[in-house]
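Residue numbers (the numbering used here): 28 to 220.
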């Protein structure tokens with residue numbers, strides 16, 4: 028998606044350790060107009076799928092997921108990284124390792140919000156090693172629901188997450204796939220899609 032790639036080139040900052048900072052428009056301060064274009068594109072890409080819910084993980088994916096959900100006219104469910112007194116009843120849970128935060132989270136979703144008849148589209152801001160998405164897929168399978176696909180804003184193509192998911196037969200649509208980044212020059216090379 029050219030508009031997203033252009034924005035990453037203009038405002039993204041490449042940091043040491045294969046980190047791309049896009050907090051000025053994607054995951055701290057959010058450009059809602061850009062999100063709307065992304066939502067429109069995900070709707071186009073998954074128009075052939077019977078999406079009944081959007082699933083993401085807190086926190087950075089929530090904004091994008093909400094806008095995508097508007098285009099599909101379905102609710103958003105997000106996996107929480109902490110148990111709270113607000114969640115009553117049984118939950119689906121899994122462990123997810125965060126590439127960015129270098130830690131493992133126990134994430135949960137109330138069983139009230141994912142059911143066997145659901146057709147779920149997973150939405151997230153980044154795909155690196157794929158741990159978060161694999162965890163969400165496991166929750167969907169545990170619920171007996173159907174994974175209709177995975178929509179990612181930015182995929183780090185030089186890491187294994189995307190290729191691993193695709194090799195498992197999961198439909199992954201990424202709006203921008205980065206093949207390489209240089210933290211010295213700041214150069215970002217996108218995969219031609």
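The beta-carbon is built from N, C-alpha and C at its ideal position, and this holds for glycine as well.
Nearest neighbour of residue i, chosen from the options [CA to CA]
i: residue 199; options: 102, 173 and 73; result: 73
i: residue 121; options: 85, 45 and 135; result: 135
i: residue 212; options: 34, 149 and 43; result: 43
i: residue 83; options: 151, 61, 57 and 65; result: 151
i: residue 130; options: 38, 149, 105 and 159; result: 159
i: residue 153; options: 209, 90 and 171; result: 90
Status (buried if at least 16 other CB within 10 Å, exposed otherwise) for residue i
i: residue 183; result: buried
i: residue 103; result: buried
Where the alpha helix (DSSP H) containing residue i begins and where it ends
i: residue 146; result: Element bounds for residue 146: not the alpha helix (DSSP H) but the beta strand (DSSP E), 146-154.
i: residue 139; result: Segment: none, residue 139 is in no alpha helix (DSSP H) and carries neither H nor E.
Inter-residue Cα distance where the pair is residue i and residue j
i: residue 216; j: residue 117; result: 44 Å
i: residue 26; j: residue 96; result: Outside the shown range of the chain (28 to 220) lies residue 26, about which nothing can therefore be said.
i: residue 101; j: residue 69; result: 13 Å
i: residue 57; j: residue 50; result: 8 Å
i: residue 169; j: residue 139; result: 13 Å
i: residue 123; j: residue 132; result: 5 Å
i: residue 32; j: residue 203; result: 6 Å
Limits of the beta strand (DSSP E) - the one that residue i falls within
i: residue 180; result: 173-183
i: residue 107; result: Counting along the chain, residue 107 falls outside any beta strand (DSSP E), and DSSP gives it neither H nor E.
Beta bridge counterpart(s) of residue i as assigned by DSSP
i: residue 65; result: Beta-bridge pairing links residue 65 to no other residue.
i: residue 216; result: 207
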